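K.L.:
Residue numbers (my numbering), protein chains in the order written: chain U, 363 to 823; chain F, 71 to 445.
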């Protein structure tokens, strides 16, 4: 995108100083509205059981699932609850999926440490051929059989199964379906080129120096200091930067200080303090030039459970002085120039990755969209706030751009739905590892990765 | 020497800096002098990678420049990134130079950039709180440089607290006439959100003006209830040992609801000398700013706790911190904050004042039934 427009003046700066060089005004954001209110928690009370979230999830998604079941298996398909099942009758049941996995880390096994049993080490994937599927609804559960590619499914998905109950009490499934793509949102995108930069996994606070130069290059490109005139004028079209989580690196998470004696750790500072200072400086440079949305991630100093609340302003004293800094929740939903963005910092996708046979982050991202839920594995294997009134992770409208941060590599896909939905799926790569960020063009929903490199990269090519 | 360093040092547009570097290189090379210059370039363009057309931005050494250019299918820009005498092994010196120069110019980092963003303005008190996010919790942090900046919080809990605080601040500021700059600093450290208020308070010479200014500024400030209690707390605590301003001074205090506080502040104003010393200490403490603030506060609290209560000159800074620590962040009522605050101060501060303060404080405490210590 940049290159075509910039090419003519590419060599312009290889010349003696000219007259006053032009400055380009940043393209103003015409319409920004933060739609992530459902993800913002006010008073939090953890006195409730997590069972409520499943029941509201089921109640919330039941209508759309029933509608989809009817459209798929016929208008007159019998919709039954588990308690109403009769043996041998073909019917459709809507319920929550539960996958019983042997390897799933369980708190009981952790307690077994007390008995000197070896605790289970973290595995990349916890699936096993012997996993079983159960369907649960409000009152009962039943074992499912016959689902093809059952390893792809994860606990917490609401789905509709079509089949019949057998004599042994198991449900033989002939077909199953999810709620599908949510209803489409009206499109009112911009008519001229506008870009949004998506980056995640800045990973500050780690020891790697190479990544710092790339981060500085990223900031320079966005603020317009780098590049010839053509490129700078293109960069002026970047209307927003969204940092999708993991601004601090995993190294800042060291919890050794908890184990050491107090007198040893009194003078030591948490590693995250330095990292946050660095983050503040980087954000300040960005904020003076472009609106920035900062989403917290797995290693950032905010709460652990989803939805993660915004980082606190106090941590970023220099940057918070600017109105262009927006500290937002994870997951984050906003409407920019008429284009609806929805995304997370990647914890939901990586959790599904661990419990499902799907390997491709983009595939998982698409699957969550089709399943109609941002993060079905919460609260089972992913920390979540005990919602009881409604589940904010249910997708009620189809966003135009759906992204997830901290993916291993960049991928993007434009998904077209039957009802006219157009979604751009983007997996934003981890910047500290790949030095790649994404540029989304709001006009035509295309995405281009942008890579930065310093000297070290020379030898690779 | 990187282009960014040159741009900041000479105060020129970044593009001009790049051109200057290029010009220098060309001229030096033409002169064919002995000194060997090593140049790094920035190349950007399109590259086919993993099936995507990827936009690549790379800093390359001169010898690799042509190779990189040939790899890119379209070149978007090429310019000189830096010049150095020695051959660089890696890019960390480049990064360090840029980092240092940016750090010293943090406030103006976009001045010489090619893109200017109209929306990027620091928050100022006169602006209605633009901040869209309602979940910003209390003590916001302030940009040290901007005296009037910050605060993007929702509408203040009540007009009263600011006014009350204005009154107190006004009186306090009156004393601070000798040291006008202390008040803003102190207020900053304490309230973190109403430096503008304190600054306003310190500037005008007369007390009435101060108070009037306070009303105005505080009105504009739209402080949250939190920060508001913090400030009066702080003020009280500071003002306690301060000079006696005549009782009538306290009466102009707009807040009618908190008679206790008024008496308090009146008493507080009876100690003039203390206020000065306290303010001195305070300003010193305030001087150390934001990044260290949190740490310093913790240190000061510890200091205060370890200090014997007999000390007359307890460093004022711990006390504000103390005041702050007992009050939970979302302290709804001004009273509650003031309650523990004053008790804390009295606890750490002067014994002889303690009684007086205690009397009034106890009144408030009993009113509140709050957790403040009465001892």
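For each residue, glycine too, the CB sits at the ideal point set by N, CA and C. Note that the structure is predicted; figures quoted are calculated from it, not measured.
1) Are there 16 or more other CB atoms within 10 angstroms of the CB of residue 408 (chain U), so buried, or fewer, so exposed?
2) Quick one: what's got a C-beta closer than 6 Å to residue 504 (chain U)'s C-beta in the same chain, skipping five residues either side?
3) Taking all protein chains shown into account, decide if residue 72 (chain F) is buried (16 or more other Cβ within 10 angstroms of its Cβ) or exposed.
4) Just grab the DSSP bridge partners of residue 152 (chain F) for me.
5) Let me know the secondary structure DSSP gives residue 122 (chain F) once reduced to three states.
6) Residue 756 (chain U) to residue 605 (chain U), Cα distance in whole Å?
7) Is the separation between the beta-carbon of residue 646 (chain U) and that of residue 610 (chain U) shorter than 8 Å?
8) Considering residue 788 (chain U), what are the terminal residues of the beta strand (DSSP E) in which it resides?
9) In terms of alpha-carbon separation, which member of U:538, U:644, U:753, U:739 lies closest to residue 466 (chain U)?
10) Check this for me: beta carbons of residue 110 (chain F) and residue 78 (chain F), under 8 Å apart or not?
11) Assuming residue 774 (chain U) and residue 785 (chain U) make a contact with CB atoms under 8 Å, what is their CB distance in whole Å?
12) Could you check what DSSP says for residue 608 (chain U) in three-state terms: helix, strand or coil?
13) Could you name the residues of the region 111 to 132 of chain F whose beta carbon sits closer than 7 Å to any beta carbon of chain U, in the order they occur along the chain?
14) In the DSSP assignment, find the unbroken alpha helix (DSSP H) run with residue 134 (chain F) in it and report its ends.
15) Alpha carbons only, please: which of U:668, U:578, U:524 is nearest the one belonging to residue 690 (chain U)?
16) Expressed to the nearest angstrom, what Euclidean distance is found between the alpha-carbon atoms of residue 492 (chain U) and residue 506 (chain U)?
17) Please identify the residue among U:655, U:427, U:588, U:598 whose C-alpha is closest to the C-alpha of residue 89 (chain F).
18) Does residue 400 (chain U) come out as helix, strand or coil in the three-state DSSP assignment?
19) In whole angstroms, what is the alpha-carbon distance linking residue 143 (chain F) and residue 125 (chain F)?
20) Are there 16 or more other CB atoms within 10 angstroms of the CB of residue 536 (chain U), so buried, or fewer, so exposed?
21) 8 Å is my cut-off, CB to CB: does residue 264 (chain F) come that close to chain U?
22) What residues from chain U crowd round residue 164 (chain F), counting only those whose CB sits closer than 7 Å?
23) Which residues of chain F have a Cβ atom closer than 7 Å to the Cβ of residue 886 (chain U), listed in chain order?
24) Just to confirm before moving on: does the CB-CB distance between residue 718 (chain U) and residue 489 (chain U) stay below 8 Å?
25) Could you round the C-beta distance between residue 608 (chain U) and residue 767 (chain U) to whole angstroms and report it? I think they count as a contact, below 8 Å.
26) Would you be able to state if there are at least three C-beta pairs under 8 Å between the region 450 to 457 of chain U and the region 516 to 528 of chain U?
27) Of all the residues that make up the region 631 to 656 of chain U, which are near chain F by a beta-carbon distance shorter than 7 Å?
28) Can you tell me which of the three DSSP states residue 440 (chain U) falls into?
29) Does residue 604 (chain U) come within less than 8 Å of chain F when only Cβ atoms are used?
30) So, does the CB of residue 147 (chain F) fall closer than 8 Å to a CB anywhere in chain U?
31) Please confirm whether residue 406 (chain U) and residue 747 (chain U) have their CB atoms less than 8 Å apart.
32) Can you tell which of U:457, U:753, U:555 has the C-alpha that lies nearest to the C-alpha of residue 424 (chain U)?
33) Give the secondary structure of residue 635 (chain U) by DSSP, where H, G and I count as helix, E and B as strand, and everything else as coil.
34) Taking 8 Å as the CB-CB cut-off, is residue 84 (chain F) touching chain U?
35) May I ask you to report which of helix, strand or coil DSSP gives residue 98 (chain F)?
36) Within its chain, find whatever has a CB closer than 7 Å to the CB of residue 727 (chain U); leave out the 5 residues flanking it on each side and keep chain order.
P.N.:
Result, derived from the coordinates:
1) Taking all protein chains shown into account, residue 408 (chain U) has fewer than 16 neighbouring C-beta atoms within 10 Å of its C-beta and is therefore exposed.
2) For residue 504 (chain U), where only same-chain residues beyond five positions count, the Cβ hits under 6 Å are 444, 497, 533.
3) With 16 or more other Cβ atoms within 10 Å, it is buried.
4) In the DSSP output, where bridge partners are listed per residue, residue 152 (chain F) has F:72, F:110.
5) In the three-state scheme derived from DSSP, where H, G and I count as helix and E and B as strand, residue 122 (chain F) is classed as strand.
6) Approximately 23 Å between the Cα atoms of the pair.
7) Their beta carbons are not under 8 Å apart, which means residue 646 (chain U) does not touch residue 610 (chain U) by this criterion.
8) Here the beta strand (DSSP E) through residue 788 (chain U) covers 784 to 791.
9) The shortest C-alpha separation from residue 466 (chain U) is found at U:739.
10) No. Outside cutoff.
11) Not confirmed; about 11 Å, so no contact.
12) The answer is coil: DSSP assigns residue 608 (chain U) none of H, G, I, E or B.
13) The residues in question are 112, 114, 115, 116, 122, 123, 124, 125, 126, 127, 128, 129, 130, 131.
14) Judged by DSSP secondary structure, residue 134 (chain F) falls within the alpha helix (DSSP H) whose first and last residues are 132 to 141.
15) The residue with the shortest Cα to Cα distance from residue 690 (chain U) is U:668.
16) Their backbone Cα atoms lie some 13 Å apart in a straight line.
17) Among U:655, U:427, U:588, U:598, the Cα nearest to that of residue 89 (chain F) belongs to U:588.
18) Looking at residue 400 (chain U) - three-state DSSP - the assignment turns out to be helix.
19) So the two alpha carbons sit approximately 10 Å from each other.
20) Flag for residue 536 (chain U) reads exposed.
21) Note that residue 264 (chain F) scores a pLDDT of 38, beneath 50, so its modelled location is shaky; the value from the coordinates is reported in the next line. For residue 264 (chain F), no Cβ of chain U is located within less than 8 Å of the residue's own Cβ.
22) Per Cβ cutoff of 7 Å: 575.
23) With chain U covering 363 to 823 only, the question about residue 886 (chain U) has no answer from this structure.
24) Judged by their CB atoms, residue 718 (chain U) and residue 489 (chain U) are nearer to each other than the 8 Å cut-off.
25) Right, the Cβ-Cβ distance comes to about 7 Å (below 8 Å), so this counts as a contact.
26) By the Cβ criterion, the region 516 to 528 of chain U is in contact with the region 450 to 457 of chain U, since at least three pairs of Cβ atoms, one from each stretch, lie closer than 8 Å.
27) Only 639, 643, 646, 647, 649, 650, 651, 652, 653 from the region 631 to 656 of chain U bring a Cβ to less than 7 Å from some Cβ of chain F.
28) Reduced to three states, the DSSP call for residue 440 (chain U) is coil.
29) No, residue 604 (chain U) does not count as interfacial toward chain F.
30) Cβ-Cβ to chain U under 8 Å: yes for residue 147 (chain F).
31) Closer than 8 Å, so yes.
32) Selected option, being the one with the closest Cα: U:457.
33) In this structure, residue 635 (chain U) counts as helix in the three-state DSSP scheme.
34) Answer yes: the Cβ-Cβ gap between residue 84 (chain F) and chain U drops below 8 Å somewhere.
35) Residue 98 (chain F): helix per DSSP, three-state reduction.
36) Answer for residue 727 (chain U): 711, 764, 766, 787, 789, listed in chain order.
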